[in-house]
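The next block holds one structure in the form of structure tokens; read it before the comments.
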Amino acid sequence: MLEQIANKDQQLLGCAPEAVLGLLPHRLSTGILSWAEKTPRQLAIISAAGSLTFAELAEAVEECKAWLETQKVHPGDRVMLIAENGPALMAMFLAVSELDAIAAVINARLTDREIDLIAEDCDPALIVCTVDDSPESRVHGQRLGCTGVQLAIANIDFVARNSRAEPVSDDPAELVLAMIYTTGTTGTPKGVMLTHQNLMFIAYVSGKLRGIEAGDEIYCVLPMSHVFGLSAVSSSALFAGGCVHLVSRFDANEVLRAIADEPVKGFLGVPTMYAMMLEAMPENWSPKALRFMYSGGSPLDPDLKRRVEARFGLPLNNGYGLTETGPTICQTRQYAPLENTSVGYCLPGEEIKLLGKDGESVETGVVGELWVKGPNVMKGYFRKPELTAEVLKDGWFNTGDLVYQDDTGAINISGRSKELIIRSGFNIYPPEVEAVLTDFPSVSLCAVLGEMVDGDEQVIAYVQPAAGQVIDEVALLKHAKQYLAGYKVPARIVVMESLPTAPSGKILKHQLKNGA
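If you want it as structure tokens, here you go:
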């Protein structure tokens, strides 16, 4: 089966996998903006703020680039974009690319605390808030002391800061374009440095494997602050000369309307989006031009997959990856849909290996830790060489995830060796949540775990009261909402007289998971 997949992939790519990198330009923006000459009148972006042709997108990028230069943004500088999906974010992102600077794309719906921690880490030369596309971005801009400016593409707020530029390379495999933030198992923010090559490789290969052609409309409600939405959806569509529907907030009814009324060819989302669409779907609903659907970001429930496929009349393809891998490692293929919820086969041009606890490769059907090597693997964590060295060894990235290969060669996810919780496609690391909850006066100890509920992981917090204290659960949740993004707030708080601990004082989370 693997040989058949490889042959078909090569046919779709139009070249051998090892030749793909030779087809890519120096910058991601070059590949996208080239369509302004090839198909200048073709729509590039559709959004609530209006539509842009490729020619108009190129003009907007040039305006943003000129403005960034007036703000003395140099190659290697970080530009922190506090934003939600929209034309302004895309234009700014591509302008940063043109300047060989680095875009730290940050979800405007994060709390003040989360924004401040990221700003401290990424050391930006400039903070830009796309206030027209996000009321939260405007609030952050006001708090950060930003100044407003009106550009043709949008109104933005900005503030300059003193910072230190990073070294710049002529090699697209080394030249960093984007920093996507993950808090990691340490509970502190880590900037994942993704190069032009990382993002272009995923954009190009994903587009080819999905058959995206010039003019094809792809719906993107996944946030560009997440690498899934940034590279595998929006950049992939534009790199192929397609048109991306940039939507800032998921609304099941609006997605169904767009797919039923407009020539949307592709939709990519997390499993909970598909579940909500099924609930909102009218009885006689049918898609107008939908050709493919993909799920990713969190585990796909077999029953949900069956129900979605029955109502949409199309296979629900599945995929897997991490922020550090740009994000895609594996995906099922449209030309070879699978009935199970396997995440399919690695992308052409990538290598994978499954290692047991002894560090040796495991046999088919045996669970091992997944390692990946290829043009998609990050450069490293921003200014954190020690943490980078822990996961990157001789070009191989340790995902920390436990998987097995079935008889067809497809990858199946068994679990995580890390404590990562994935809720509605968003990564949640327990230490960050625990740090906030234990800061509450009446909480002595806290342990946060993930629990599967209706096909999605929910955050469950086990808390132990301080001596002589009573925990007010309503007040504790209010505290959590003040310091954590909404998706990180626990769905349930369990108050226990004492949490199970080892002699060392370490909380025994496995006992909590087993109902102790």
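Those letters in the sequence shown? Residues 588 to 1103, by the numbering used here.
Cβ coordinates follow ideal geometry from the N, Cα and C atoms, glycine included.
Exercise for the section: Please state if the CB of Thr640 and the CB of Gln629 are separated by a distance shorter than 9 Å. Expected result: yes
Problem - Spatial neighbours of Gln784 in its chain, beta-carbon cut-off 6 Å, leaving aside the 5 residues before and after - result: Pro759, Ala760, Pro962.
Exercise for the section: Please go through the same chain and pick out, in chain order, the residues whose beta-carbon is closer than 7 Å to the beta-carbon of Ser541, but skip the five residues on each side of it. Expected result: Residue 541 cannot be examined here, being either before or after the span of the chain that is shown, 588 to 1103.
Practice task
Provide the residue span of the alpha helix (DSSP H) that contains Gln598, from first to last.
Solution key: 589-600
Practice task
Quick one: residues in its chain with C-beta nearer than 8 Å to the C-beta of Thr626, no 5 flanking neighbours on either side, listed in chain order?
Solution key: Phe641, Ala801, Gly802, Gly828
Problem - 8 Å CB neighbourhood of Ser1091 in its chain, flanking five on each side removed - result: Because the pLDDT at Ser1091 is just 43, under 50, the model does not fix this residue reliably, and the point stays unresolved.
Problem - Option in Leu686, Asp699, Ala747 with minimal Cα separation from Ala765 - result: Leu686
Handout entry: Contact the stretch 693-701 vs the stretch 1067-1076: 3+ CB pairs below 8 Å
Key = yes
Problem - Nonlocal neighbours in the same chain, by C-beta distance under 6 Å from Glu1038, ignoring five residues either side - result: Gln1045, Ile1047
Handout entry: Residue closest to Pro869, alpha-carbon to alpha-carbon, out of Ala839, Ile592, Ile633, Lys795
Key = Ala839
Exercise for the section: Sort out for me which residues DSSP pairs Leu639 with in a bridge. Expected result: Ile632
Practice task
Along the alpha helix (DSSP H) that carries Leu1024, what are the first and last residues, could you check?
Solution key: From DSSP, the alpha helix (DSSP H) with Leu1024 extends over 1017-1024.
Handout entry: Assigned exposure category for Met677 - 16 Cβ within 10 Å defines buried
Key = buried
Exercise for the section: Can you tell me which of the three DSSP states Met868 falls into? Expected result: coil
Problem - Leu762 and His613 closer than 9 Å at C-beta - result: Taking 9 Å as the cut-off, the beta carbon of Leu762 is found closer than this to the beta carbon of His613.
Handout entry: At least three beta-carbon pairs within less than 8 Å, the stretch 879-886 to the stretch 1011-1022
Key = Segment contact: the stretch 879-886 against the stretch 1011-1022, three or more CB-CB distances shorter than 8 Å; contact assigned.
Exercise for the section: Apply the 10 Å Cβ neighbour rule to Lys944 and answer buried if 16 or more other Cβ atoms are within range, or exposed otherwise. Expected result: Per the 10 Å Cβ criterion, exposed.
Exercise for the section: Compare the C-alpha of Pro604 against each of Tyr791, Ala688, Ala819 and name the closest. Expected result: Tyr791
Practice task
Please classify Arg797: is it buried, with 16 or more other beta-carbons within 10 angstroms of its beta-carbon, or exposed?
Solution key: buried
Problem - Through-space distance from Asn672 to Met811, alpha-carbon basis - result: Counting only the Cα atoms, Asn672 lies some 6 Å from Met811.
Problem - Cβ-based burial, Gly732 [other Cβ within 10 Å; buried from 16] - result: When all chains shown are included, Gly732 counts as exposed.
Handout entry: Chain-order list of residues whose beta-carbon lies under 6 Å from that of Gly861 (same chain, five-residue window excluded)
Key = Note that residue 861 is Tyr in the sequence shown, not Gly. Excluding sequence neighbours, Tyr861 sits near Val895.
Exercise for the section: Over the uninterrupted alpha helix (DSSP H) stretch that includes Asp988, give me the two end residues. Expected result: Element bounds for Asp988: not the alpha helix (DSSP H) but the beta strand (DSSP E), 983-992.
Exercise for the section: Find the nearest neighbour of Lys1114 within the set Ala923, Val1061, Val808, judged by alpha-carbon distance. Expected result: Only positions 588 to 1103 of the chain appear in this structure, which leaves residue 1114 out of reach.
Problem - Where the alpha helix (DSSP H) containing Thr995 begins and where it ends - result: Thr995 -> no alpha helix (DSSP H), and no H or E assigned at all.
Handout entry: Which of helix, strand or coil DSSP assigns to Gly609
Key = helix
Problem - Cβ pair Glu1019, Asp988 closer than 9 Å - result: The Cβ atoms of Glu1019 and Asp988 do not sit closer than 9 Å to each other.
Exercise for the section: Just mark Asn905 as buried or exposed, buried being the case when its beta carbon has 16 or more other beta carbons within 10 Å. Expected result: buried
Handout entry: Pair within 9 Å by beta-carbon distance, Leu1099 and Gln1051
Key = No; because the gap between Cβ atoms is not below 9 Å, this pair is not in contact.
Exercise for the section: Using three-state DSSP, classify Phe1027 as helix, strand or coil. Expected result: coil
Handout entry: Through-space distance from Asp1059 to Glu849, alpha-carbon basis
Key = 49 Å
Handout entry: Pro533 in three-state terms, based on DSSP
Key = With the chain covering 588 to 1103 only, the question about residue 533 has no answer from this structure.
Problem - CB contact flag (Pro674, Ile632, <9 Å) - result: yes
Handout entry: Coarse secondary structure for Gly883, derived from DSSP in three states
Key = coil
Problem - Meets three-Cβ-pair contact criterion under 8 Å: the stretch 653-661 and the stretch 814-823 - result: no
Exercise for the section: Look at the Cβ atom of Leu551, then the Cβ atom of Phe815, and state whether they are nearer than 9 Å. Expected result: Coverage of the chain is limited to positions 588 through 1103, which leaves residue 551 absent and any answer about it impossible.
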